[in-house]
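In the working numbering, the protein residues as written are 246 to 410.
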């Protein structure tokens, strides 16, 4: 009799733990599903914001008009420096024009203050330092355009921005 009561008690405990395990697994699955839905939603919104840039045709003409003494290779090299910092494909480099503000691109990636970003701005500073020998922080303004960055980068390097990597 005692053994039977003990056995029934163990079955009850196993049943309770089994139901708790199922509840925990269901809760974790729900959280995972919620995270996936939020991630997809966030990525769609990010792509929509960046679509302002990606939908453009080539802006090489704007760069050549603004900087007639700069070669195509100089302009492309500078834009490679920029897109590399933001992790964009080099194919997208001429989607950015000289009047685009660096912070507008950053805010398209991160519309509200992010908990963490991919350090795009810090990488841009390092890329400009490496390629042009310019401390971008020393001339930085929050409303700085890509054209302004290109202009000061070219002045910061006596070789007009063409340096081997």
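We put the CB at the ideal spot given by N, CA and C, even for glycine.
- DSSP, reduced to helix, strand and coil, places residue 337 within a helical segment of the structure shown.
- It is roughly 25 Å from the alpha-carbon of residue 391 to the alpha-carbon of residue 288.
- Annotation for residue 323: the continuous alpha helix (DSSP H) segment containing it runs 317 to 331.
- Residue 316 and residue 361 have their C-alpha atoms roughly 37 Å apart.
- Inclusion of residue 329 and residue 372 in the CB contact set at 8 Å is warranted, their separation being smaller than that value.
- As the crow flies, the alpha-carbon of residue 250 is around 34 Å from that of residue 273.
- Cβ contact annotation for residue 351 (same chain, cutoff 7 Å, sequence separation greater than five): 365 and 366, in chain order.
- In this structure, the beta-carbon distance from residue 354 to residue 293 does not fall below 8 Å.
- At least 8 Å separates the beta-carbon of residue 331 from that of residue 298.
- Distance check between residue 336 and each of 301, 309 and 311 places 301 closest, using alpha-carbon atoms only.
- Around the beta-carbon of residue 319, 16 or more other beta-carbon atoms lie within 10 Å, marking it buried.
- In this chain, the alpha helix (DSSP H) harbouring residue 395 covers 391 to 401.
- C-alpha of residue 270 to C-alpha of residue 333: approximately 38 Å in a straight line.
- In the displayed model, residue 346 falls within a strand according to three-state DSSP.
- Nearest Cα to residue 374 within the set 357, 399, 282 and 295: 399.
- Residue nearest to residue 377 within the set 386, 394, 388 and 358 is 394 (criterion: CA-CA distance).
- Residue 339 sits close to residue 303, with the two beta carbons spaced by under 8 Å.
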